[in-house]
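First comes the structure, then the notes that go with it.
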């Protein structure tokens, strides 16, 4: 057997899996987790109106969804106060990041990101043959000005920034992001991942400027809206970018149940506010748990909290492994500098109770072991 | 505004929409269709067990789906009697066709298909910069030997064949497909779209030979399984192909509700048999309606029937327009030769009743007009 049939840069790809799912870990372990706090899903769930609509939609799932995503796009446009022609629905932000790379990245093109930033973006850049340049985090955030300088020097097609940052939960103010946008090189597009915008302080997302062809902003129903399984994200961008998404996307890629669920979810802002309040309570509880264990939590604008385990990456890895062994699904950053942390998703109290019980034990075991 | 930022072959893409959805047509018309018989969805619906599981799954839709699609892949592998390592789940066959083009088609690479064959495949070939070579249909089928000869001459990366054929419903026997497979040039992969395999006579699909690196077969839950809205298809292929899908796919692209629905659907083969029987009854009814209107239906192995309107493409287009104006959603082939037909999906009797009423009127109007 040979790989010569594949496109050369595809044949040369490594086998990367950005995130092993908790189900795969459960299969490998042979038993389920007791707390699911690793993937930044919202165990507070989606709006009950969305759930009811999705249950009804199950019976109608013999129909293709509307490939124009008209109702959902219109509802998002109304919510954002921008024309629908500036919105593109995708199979989660991940799907849109893949299309973005297809649209902008030819083999050899430079793309600038941060070591430890979203690995699924890197996965798509590499799959399109991009030349990925990873800068270090600075003070647990992406370093906006160095990203810009590097992009200018490398004539980068894309810069990736998450705001709030994943995996750390840190954030830049909208003013700071706006200054970065103003300084973008003309040939560079800012991939601004705002997956966690809904749980961030007001002003974290700069005002929308949909005329700017150098910025694509990405939002999702997977986080605060509690619809990770629905696989619905969207991009906000200039018309030429939206039209180009339309030239390359899988028009029938969006599932009907998710499309309908997201449509109802975005119109239930009262529920979203309650979910965001629940996330905030969970953030404070996780932060308090860090303190009560003698550790420091990184202040977070996202629906998770990174806890600084106080030593090096090997120690934090030992804490993580201890939690997993105690049936608590959490994750940790792997990149140098931020690898001192574990990352705990905001979730329901029953899950956080399990974490509260097991975290001191995992810490003690790690301290004994290392 | 400029498009110079996009990858050159992307910037040069035309704006193609392979299939305008019925919802978009309804919005343009300002009123709903009375019969939905155009997209080869199954209005017989999915297994009640799948519906029940999807309703339950709605409440759990805050969780990401298992990115390995382990349970579904295992159930498909068991059903097919092949190892799970030869199965890849995708966002419908469409999603898998897009990835296939990404994997095999570099700008300028030749791809051979048939004029009038699946336009979504062409869409993806073009989006990856492929050089699309379209041969004529012969006797309302894809012309296997000429496709082969052309692929050999052009050193094509891919040949596309649908069996049963869409949009005509015709089919080759498994033996004939097997002979084509045996004659494939070593550098060419056969994209064998078996979306309608479930409603075809036994022996239409050749035996699976998952070791063959030159054949990728595509199946779906959108047709006989009645789950078009779920967006779940799968590819059956050699391990190197499956592993390469895994290197480029959107790992979290599959929605949780659809994943669970398909898992239950494939295990309810008794229901599938009843749905296939219902499709067969509808095929005969559509064929009888053609006869009673003095026309001929093309014998169909698929979940639709092409009706030869007996004159040229302009006449058939007039019949189609008359049906649409009478609130009957059907479609028609556009390619020369097969454009004399309209295509009617197998559906529930209430929908076919509307078609039965309106078809003679649309025919009469077309005969008057032309």
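Residue numbers (the working numbering), protein chains in the order written: chain A, 1 to 370; chain B, 1001 to 1370.
Ideal Cβ placement from N, Cα and C applies to all residues, glycine included.
If you ignore the 5 residues before and after residue 1211 of chain B, its C-beta comes within less than 8 angstroms of the C-beta of 1238, all in its own chain and listed in chain order. Residue range 313-325 is occupied by the alpha helix (DSSP H) that includes residue 322 of chain A. For residue 181 of chain A, the enclosing alpha helix (DSSP H) begins and ends at 174-182. Counting only unbroken stretches of 3 or more residues, the beta strand (DSSP E) elements lying wholly within the region 175-226 of chain A are 189-193, 215-220, in sequence order. Between residue 1231 of chain B and residue 1038 of chain B, the gap from beta carbon to beta carbon reaches 7 angstroms or more. Counting along the chain, residue 1233 of chain B sits inside no alpha helix (DSSP H); it lies in the beta strand (DSSP E) bounded by residues 1233-1236. With respect to residue 1257 of chain B, residue 1025 of chain B sits apart: the two C-beta atoms are not nearer than 7 angstroms. Look at the region 126-139 of chain A: the residues with a C-beta under 7 angstroms from a C-beta of chain B are 127.
In terms of Cβ geometry, residue 1098 of chain B and residue 1124 of chain B form a close pair [threshold 7 angstroms]. Taking the Cα positions, residue 266 of chain A is about 8 angstroms away from residue 79 of chain A.
Three or more beta-carbon pairs separated by less than 8 angstroms link the region 1168-1184 of chain B to the region 1295-1306 of chain B, which places the two stretches in contact. The beta carbon of residue 343 of chain A does not come within 7 angstroms of any beta carbon belonging to chain B, so the residue lies off that interface. When only Cα atoms are considered, residue 1322 of chain B and residue 131 of chain A end up about 54 angstroms apart. The beta carbon of residue 1204 of chain B sits closer than 7 angstroms to those of 1163, 1164, 1171, 1173, 1174, 1197, 1301, all from its chain and outside the five residues before and after it, given in chain order. When 9 angstroms is used as the limit between beta carbons, residue 1333 of chain B is near no residue of chain A, the shortest such separation being about 19 angstroms. Using beta-carbon distances, residue 1311 of chain B does not count as an interface residue toward chain A, since no partner is under 7 angstroms.
Under the DSSP definition of a beta bridge, residue 1304 of chain B partners with B:1345. Not a single CB atom of chain A sits nearer than 7 angstroms to the CB of residue 1078 of chain B. From the beta-carbon of residue 1027 of chain B, the residues of chain A found nearer than 8 angstroms are 70. By the Cβ test, the region 1133-1153 of chain B is not in contact with the region 1274-1281 of chain B, since fewer than three Cβ pairs between them sit closer than 8 angstroms.
Judged by DSSP in its simplified three-state form, residue 108 of chain A adopts coil rather than helix or strand.
Bounds of the beta strand (DSSP E) holding residue 131 of chain A are 131-135.
Taking all protein chains in view, the Cβ of residue 139 of chain A is surrounded by fewer than 16 other Cβ atoms within 10 Å, so the residue is classified as exposed.
CA-to-CA, the gap between residue 1006 of chain B and residue 241 of chain A works out to about 9 angstroms.
Taking a 10 Å sphere around the C-beta of residue 1028 of chain B, we find fewer than 16 other C-beta atoms and assign the residue as exposed. Taking 7 angstroms as the cut-off, the beta carbon of residue 1331 of chain B is found no closer than this to the beta carbon of residue 1340 of chain B.
As DSSP reads the structure, residue 296 of chain A sits in a beta bridge with A:308.
Secondary-structure assignment with DSSP links residue 113 of chain A through a beta bridge to A:134. In this structure, residue 1249 of chain B keeps its C-beta atom at 7 angstroms or more from the C-beta atom of residue 1236 of chain B. Under the three-state reduction of DSSP, residue 1059 of chain B is assigned to coil, being neither helix nor strand. In this structure, residue 262 of chain A sits near residue 221 of chain A, with a CB-CB distance shorter than 7 angstroms. Cβ neighbours of residue 286 of chain A within its own chain (closer than 6 angstroms, five residues either side excluded): 305, 344.
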